[in-house]
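Since the structure comes first, as structure tokens, the remarks are kept for the end.
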Amino acid sequence: MQQTLTPHVYWAQRHEDIYLRVELIDAQNLDISVHDNVLQFRAQGHGARGQNDYEFSLPFLNAVKTEVSHRSTQRQVNITVRKQLSGWWDRLTLQEKKPLFLVPDFDRWMDESDAEMELREKVTSCNANSGSYITLKKAFLFTYNLVQFLGFSWIFVNMTIRLFILGQDSLYDTFYTISDVMFFCQILASVEVLNAMFGVVKAAVVPAFIQVIGRNFILFIILGSLQEMHNKPVVFFVFYLWSAIEIFRYPFYMLGCIDTEWKTITWLRYTVWIPLYPLGVLAEAVAVVQSISVFDQSRLFSIPLPEALGSSASFSCVLYIYLPLMVIGLLINFRHLYKQRRKRFRTKKRKSN
Ligand SMILES: CCCCCCCCCCCCC[C@@H](O)CC(=O)SCCNC(=O)CCNC(=O)[C@H](O)C(C)(C)COP(=O)(O)OP(=O)(O)OC[C@H]1O[C@@H](n2cnc3c(N)ncnc32)[C@H](O)[C@@H]1OP(=O)(O)O
1 MQQTLTPHVY
11 WAQRHEDIYL
21 RVELIDAQNL
31 DISVHDNVLQ
41 FRAQGHGARG
51 QNDYEFSLPF
61 LNAVKTEVSH
71 RSTQRQVNIT
81 VRKQLSGWWD
91 RLTLQEKKPL
101 FLVPDFDRWM
111 DESDAEMELR
121 EKVTSCNANS
131 GSYITLKKAF
141 LFTYNLVQFL
151 GFSWIFVNMT
161 IRLFILGQDS
171 LYDTFYTISD
181 VMFFCQILAS
191 VEVLNAMFGV
201 VKAAVVPAFI
211 QVIGRNFILF
221 IILGSLQEMH
231 NKPVVFFVFY
241 LWSAIEIFRY
251 PFYMLGCIDT
261 EWKTITWLRY
271 TVWIPLYPLG
281 VLAEAVAVVQ
291 SISVFDQSRL
301 FSIPLPEALG
311 SSASFSCVLY
321 IYLPLMVIGL
331 LINFRHLYKQ
341 RRKRFRTKKR
351 KSN
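Residue 1 is where the sequence shown starts when you use full-length UniProt numbering, and the numbers rise one by one after that.
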């Protein structure tokens with residue numbers, strides 16, 4: 001008949017954890033739990049007294065967490081118990097007299113000051129890692145915002161100068177002179193959706209997605225794909241309104257990356273959108289409406305239909321759906337920007353009180 005015996009148990013501690021090493025070869029049917037700060041161990045295996053059931057219980061000196069992690073190898077069972085509060089214990093067990101089966105694990109043994117040093121090194125290397133991640137992130141964001149700022153400033157300044165020099169004529173060739181840089185900036189702007197998705201910045205995903213998809217739809221499908229749209233004055237208004245906000249938004253972000261704030265830039269970033277956003281959406285809607293007849297005539301992107309319904313549907317069907325979607329997108333983003341504005345200025349006011 002098998003007897004129930006106690007295995008040899010080796011222990012060591014750190015400020016956060018207790019490590020137990022149970023000398024049991026090929027341990028099976030492990031039952032390890034912690035209740036009321038007492039660890040119960042039961043298993044079958046080959047220990048000091050051969051193949052047998054082995055068990056022990058350890059009432060800990062101080063409170064520990066109930067979750068216990070263990071890993072059994074061919075030679076031993078390693079158990080880690082987390083201390084409820086970080087700190088150094090004078091001994092492991094509640095009773096002053098150490099149980100006979102329990103001995104220090106000199107392979108893992110550390111005195112308090114060594115463990116403190118190890119803990120400090122861990123914290124320092126963790127801080128160093130997160131510090132270099134933050135520096136890298138800020139450098140990436142700063143560069144991204146700088147590139148966008150330069151792109152949109154070039155667009156805005158170029159259009160303004162051309163308007164002063166050429167007057168009304170400049171409205172008709174905006175696409176030919178500006179679109180390449182606008183294509184570049186708007187493709188790059190997709191990074192903003194990814195940044196929001198992966199938590200690189202604290203921005204909301206849906207507004208960023210609406211913004212990028214909305215603009216790229218107008219730029220690539222409505223304006224870019226139809227030659228008939230290239231010389232329309234609406235291109236001027238769309239590009240001018242888009243770039244008018246970005247020459248404030250990107251410098252605002254750049255300053256944030258270097259932990260600096262210029263009140264005027266902050267005010268402009270969170271205020272200029274109030275007239276610009278509805279005007280921008282209006283200009284985009286005009287472009288969509290103007291493109292409908294062009295799509296109908298050219299049959300570009302027409303949608304194949306089953307024969308019973310006719311040969312194909314004009315892409316303008318999509319545009320009729322897109323127009324109300326623009327209003328929904330406008331409302332979502334307007335509400336989002338309004339909340340951002342209130343949050344920004346409310347916090348600032350409170351901070352300055
Ligand atoms: C159901 C809908 C289906 C979709 C169908 C499509 C519908 C299409 C609708 C089309 C509507 C779009 C029309 C639009 O194209 C028209 C115009 O653009 S007109 C011109 C005026 N436009 C604007 O004013 C909008 C400008 N754009 C924006 O403001 C942003 O793109 C927006 C996503 C709308 C809002 O930005 P965000 O959510 O990021 O807010 P914050 O700026 O307050 O930023 C929040 C925090 O994140 C930090 N952040 C964000 N980005 C960066 C960055 N690049 N670098 C560094 N830091 C960044 C920022 O600092 C904030 O942090 P903290 O609060 O700590 O300061």
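Just so it is clear, CB atoms sit at the ideal spot from N, CA and C, and this is done for glycine as well. Computed from a prediction, not measured in an experiment: that's the story for all the values here.
Compute the beta-carbon to beta-carbon distance between residue i and residue j, rounded to the nearest angstrom, for a pair I have assumed lies under 8 Å.
i: A63; j: L85; result: 7 Å
i: G45; j: L24; result: 4 Å
i: V38; j: V22; result: Actually they do not touch by this definition, with Cβ atoms about 16 Å apart.
i: I265; j: L255; result: 6 Å
Please classify residue i: does DSSP put it in a helix, a strand, or coil?
i: D173; result: coil
i: L102; result: strand
i: S69; result: strand
i: Q51; result: strand
i: W11; result: strand
i: E16; result: coil
i: E23; result: strand
i: A128; result: helix
i: K97; result: coil
i: N353; result: A caution first: N353 carries a pLDDT of 46, below 50, which makes its placement in the model unreliable, though a value can still be read off. Here N353 sits in coil by DSSP.
i: I258; result: coil
i: L5; result: strand
i: D296; result: helix
i: T271; result: coil
i: K263; result: helix
i: K83; result: strand
Please confirm if residue i has its CB atom under 8 Å from at least one CB of chain C.
i: W154; result: No chain C appears in this structure, which consists of one protein chain only.
Less than 8 Å between the beta carbons of residue i and residue j, yes or no?
i: I222; j: V288; result: yes
i: V193; j: V181; result: no
i: T80; j: H35; result: no
i: P7; j: Y54; result: yes
i: F140; j: F101; result: no
i: L163; j: S153; result: no
i: Q290; j: M229; result: yes
Using CA atoms only, rank isn't needed, just tell me which of the options is closest to residue i.
i: Q148; options: L119, T174 and W242; result: W242
i: Y176; options: R75, L136, F236 and K202; result: F236
i: Q76; options: L30, D296 and I18; result: L30
i: A27; options: H70, W11 and Q74; result: Q74
i: A48; options: F239, L5, R299 and R120; result: L5
i: F217; options: G329, D90 and N52; result: G329
i: S72; options: F41, G87 and T93; result: F41
i: I134; options: V201, L282 and F252; result: V201
Run the CB neighbour count on residue i, radius 10 Å, all protein chains shown included, and call it buried at 16 or more, exposed below.
i: N145; result: buried
i: E284; result: buried
i: I161; result: exposed
i: L150; result: exposed
i: T174; result: buried
i: G214; result: buried
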